[in-house]
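Participant:
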Amino acid sequence: MDRGHDAFMRAALAEAERAMAAGNVPVGSLIVRDGAVIGVGQNRAVSECDPTAHAEVDAIRDACRKLGSTDLSGASCYTTMEPCPMCCWALQEAKVSGLILGARHAAMRRTDYGDYSVEKLLALTKRRLEVVTGVRVAECEAIRRNWQGRSASQA
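Sequence positions in the sequence shown follow the working numbering and run 499 to 653.
#1: Which residues in the same chain have their Cβ closer than 8 Å to the Cβ of E639, if we skip the five residues on either side of it in sequence?
#2: Mark M584 as exposed unless 16 or more other C-beta atoms lie within 10 angstroms of its C-beta, in which case mark it buried.
#3: According to the Cβ coordinates, are P581 and E617 closer than 8 Å?
#4: Hey, which unbroken runs of the beta strand (DSSP E) at 3 residues or more fall wholly within the region 560 to 640?
#5: Would you mind reading off the limits of the beta strand (DSSP E) that contains A534?
#6: May I ask you to report which of helix, strand or coil DSSP gives G502?
#7: Nearest by alpha-carbon distance to A514: which of T550, A557, D532, I536 is it?
#8: I'd like to know whether the C-beta atoms of C547 and A592 end up nearer to each other than 8 Å.
#9: For G566 versus R531, is the C-beta spacing smaller than 8 Å?
#10: Check the DSSP bridge columns for I658 and list the partner residues they point to.
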């Protein structure tokens, strides 16, 4: 595994932990360009009462604010959970070039997304997004399963 991917995903996992501690779905994301983190995000949908405050969108917003631009060409997004269609489209609109992901919806048996995958959404578009999978998958899945267990026991 690429050591850079490993380190950046570890940082995304730390964001996911912070999201969970704040009562949100545990997803963390980073926007990285030229080996430097330019945007950090975590799921804040519950704490911000904003259904669009997903980790990837949060990281995109952070990077765009810092750069004073909506063009994130050449950047990659590291995220602990496969982006939903909204987040995948936001990555494309921001011109993010790469997506490095941990857990996948299908592997987590998430039926609320049906037969969705990032690759299937990308096949519908003419845009390109390099997708890298298999980075710290077990840890990304574990944090999600831990949260699912906590939320079920609290119900």
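Glycine residues also receive a C-beta, built at the ideal position from the N, C-alpha and C atoms.
Facilitator: Inspection of the coordinates gives the following:
#1: Result list for E639: G600, A601, A605, M606, in chain order.
#2: exposed
#3: no
#4: 574 to 579, 596 to 601, 628 to 630
#5: 534 to 540
#6: helix
#7: A557
#8: Not a contact, by the Cβ cut-off of 8 Å.
#9: Going by C-beta atoms, G566 is not nearer than 8 Å to R531.
#10: Residue 658 lies beyond the range of the chain shown here (499 to 653); nothing can be said about it.
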